[in-house]
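Participant: Numbering-wise, the working numbering puts 1277 at position 107 of the first sequence, and it's gapless, one number per residue.
Yeah, the Cβ is synthetic: ideal placement off N, Cα and C, and Gly gets one too.
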Amino acid sequence: MPELPEVETIARRLHSGQGAIPLPGRRIVQFSTSWPRHVELPSISTFRRRIKNRVIQSVGRRAKYLLFPLDLGALIIHLRMSGDLYLRPPDAEKDPYVHSAFHLDNGWQLRFSDARKFGRIYWTRDPQEVLENLGPEPLEDNFTAEVLQDHLHARRRQLKPLLLDQSFLAGMGNIYVDESLHRARLHPLRRSDTLKKPEIERLWESIRTSLREGIRHNGASIDWVYGGGDYQNHFRVYKQDGQPCDFCGASIERTVVGQRGTYFCPGCQQENIA
DNA sequence: TAAAATGTTGGGTA
DNA sequence: ATACCCAACATTTT
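1) Hey, quick one: how far does the beta strand (DSSP E) through G1253 stretch, first residue to last?
2) Label K1367 either buried or exposed according to how many other C-beta atoms from any shown protein chain fall within 10 Å of its C-beta, with 16 as the threshold for buried.
3) What residues in its chain sit with their C-beta under 6 Å from that of F1217, if we drop five residues either side in the sequence?
4) From which residue to which residue does the alpha helix (DSSP H) around F1313 run?
5) Find out if the Cβ-Cβ distance for the pair F1446, L1351 is shorter than 8 Å.
6) What are the boundary residues of the beta strand (DSSP E) that includes L1211?
7) Beta-carbon separation of G1431 and I1422 under 8 Å?
8) Check each candidate in L1359, D1265 and F1282 and name the one with the smallest Cα separation from R1207.
9) Measure the C-alpha to C-alpha separation of R1361 and V1268 and round it to an integer number of angstroms.
10) Taking just the CA atoms, how far does G1277 sit from K1330?
11) Could you please give the first and the last residue of the uninterrupted beta strand (DSSP E) stretch that includes P1239?
12) Taking buried to mean at least 16 other C-beta atoms within 10 Å of its own C-beta, is L1242 buried or exposed?
13) Which full runs of the beta strand (DSSP E) of 3+ residues lie inside the stretch 1173 to 1235, going along the chain?
14) Compare the C-alpha of D1335 against each of G1437, N1303 and Y1401 and name the closest.
15) Identify, in the order they occur along the chain, each residue of the same chain with its Cβ nearer than 6 Å to the Cβ of T1179, setting aside the five sequence neighbours on each side.
16) By how many angstroms is the C-alpha of R1386 removed from the C-alpha of E1316?
17) Tell me, please, which residues DSSP counts as bridged to Q1279.
18) Using 8 Å as the threshold, is the C-beta distance between P1175 and Y1401 below it?
19) Check whether the Cβ atoms of W1205 and K1287 sit closer than 8 Å, and answer yes or no.
20) What is the DSSP secondary structure of I1422, reduced to helix, strand or coil?
21) Buried or exposed for G1384, please, with buried defined as at least 16 other CB atoms from any protein chain shown within 10 angstroms of its CB.
22) Hey, C1438 and R1353: beta-carbon distance below 8 Å or not?
23) Please go through the same chain and pick out, in chain order, the residues whose beta-carbon is closer than 6 Å to the beta-carbon of H1185, but skip the five residues on each side of it.
24) Check whether the stretch 1335 to 1344 touches the stretch 1303 to 1313, taking contact to mean three or more Cβ pairs, one atom from each stretch, closer than 8 Å.
This is how it looks when you write it as structure tokens:
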């Protein structure tokens, strides 16, 4: 679903305007919704007042959040499980899952498609109010292998749930955690405080490579949600149970870890080796 | 046919 | 601190 690479891809498309009209510089003239619960903060009526006639300055990303700084405050959107966000001209065909839309001063619409209705929209004067509990950005320069080591050793949790924890590391979801652990040849149940330096460096490298590869392929398109990416054709373990491992040829297995479907290679991701 | 599974976040409990 | 369960949903799979 929309994890860091998918959200990054969407942010870039909106910023550049998908080759047609860039979002920065556009004024929001109206917000329409058939699912008011999309708006988490502030109340729906205040929200409408706050964003009406505001000008979008840019489009960015933090963790899995899309950020739209305005000339006053900021619009923030989380896609959760099934959300997608795209620009369409007013006469464009209607996607049945578009429950909310921002109408722009040039007639175009920023449409929020969200089949499962888990998405959330925020307006705030201070983005920190929404983003305060997020861990480091894995692709930024200040996220070094040493930082990862310190944080891993400060906790004693299983790697899989820890890497999914957005306050530990921002932006990873079920797909990229499984792909990263496989690249690093680390078992999903391995305790974070038992990792040795070479393993941590492998994990650091694998996280960054998996995410960059995801972005390079414009993200992954799974099921019927989110289009335009093709990283799903390059998965090494996710949804690959029964397929041979690229490293060792063993059959990829599916298990459940922390209530999440988990794919790994029993041949090269072993729990109790140093 | 109905129940289970999917996946992100946040809330609650032990 | 850590693990577990649930709820918010729609759709597909079992």
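Facilitator: According to the structure data:
1) G1253 to R1258
2) exposed
3) V1209 and W1293
4) Run containing F1313: none; DSSP gives neither H nor E here.
5) In this structure the chain extends from 1171 to 1444, so residue 1446 is not present and cannot be described.
6) V1209 to L1211
7) no
8) F1282
9) 42 Å
10) 45 Å
11) Y1235 to P1239
12) exposed
13) 1198 to 1203, 1209 to 1211 and 1230 to 1232
14) N1303
15) N1388 and G1389
16) 26 Å
17) R1258 and H1273
18) yes
19) yes
20) coil
21) buried
22) no
23) V1229
24) yes
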